[in-house]
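Encoded as structure tokens, the structure appears first; notes follow it.
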Amino acid sequence: MLAMLVLVYTFNFIDRQIVSILAVPIKADLALTDTQLGLMGGLAFALFYTSLGIPIAMLADRANRSWIMTIALTVWSAMTAICGLAQNFWQLFAARLGVGIGEAGGVAPAYSLVSDYFPPHQRARALGIYSFGIPIGSALAIVFGGVIASYIDWRAAFF
């Protein structure tokens, strides 16, 4: 279970970092202004990610956490792929809103699942291992996002 949670968190952070890493080719291809790039990279994701975090955490207290995470992963994965299909600012902005909605359902249920599966004396270690998804995902996004964009196209990094 913990390995799966780390994998999901890793992909969570790949999705978070990839737009910043690919900002230059995205900006050029879609003819974005600096303001549009900032809105798309920041506000579009953060708006629903932050506003839905608490309600989804409350839902995770009452509903099946694994299903919440499955739905969240499905939503943010689909919306990430849609990012790669975007032809203009508004399409990419809407897709990033969707990524934020999906990723909002990833963290709180994961913490709760760690509490379900690990006794109190093992939780700190389990949460520490879970948190490795942050640097792993960030590093993978930097390495593979740039390589894919350099050799194929920025859009391919979203698939």
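For the record, in the sequence shown the residue sitting at position 65 is 48 according to our numbering, with numbers rising by one throughout.
For glycine and all other residues, C-beta sits at the position ideal for the given N, C-alpha and C.
In this text, all values refer to a predicted model and were calculated from it rather than measured experimentally.
Residue nearest to residue i in terms of C-alpha spacing, selected from the options
{"i": "ALA40", "options": "ILE119, GLU86, ALA107, VAL130", "result": "GLU86"}
{"i": "TRP50", "options": "ILE117, ILE119, PHE141, ALA93", "result": "ALA93"}
{"i": "ARG138", "options": "SER121, GLY88, GLN105, MET62", "result": "MET62"}
{"i": "PHE31", "options": "ARG79, ARG108, PHE141, VAL(-11)", "result": "ARG79"}
Cβ-based burial, residue i [other Cβ within 10 Å; buried from 16]
{"i": "TYR100", "result": "exposed"}
{"i": "ILE1", "result": "buried"}
{"i": "MET23", "result": "buried"}
{"i": "ILE163", "result": "Since the displayed the chain opens at -16 and closes at 142, residue 163 lies outside it and no answer follows."}
{"i": "MET(-13)", "result": "exposed"}
{"i": "GLY128", "result": "buried"}
{"i": "TRP73", "result": "exposed"}
{"i": "GLY25", "result": "exposed"}
Residue range of the unbroken alpha helix (DSSP H) whose run includes residue i
{"i": "MET(-13)", "result": "-15 to 4"}
{"i": "ARG108", "result": "103 to 114"}
{"i": "GLY128", "result": "Careful: GLY128 lies outside any alpha helix (DSSP H) and carries neither H nor E."}
Inset, instruction - Just list the alpha helix (DSSP H) runs in the stretch 12 to 98, keeping only unbroken ones of 4 residues or longer that don't cross its boundaries, in chain order. - result: 17 to 21, 27 to 45, 48 to 68, 72 to 87
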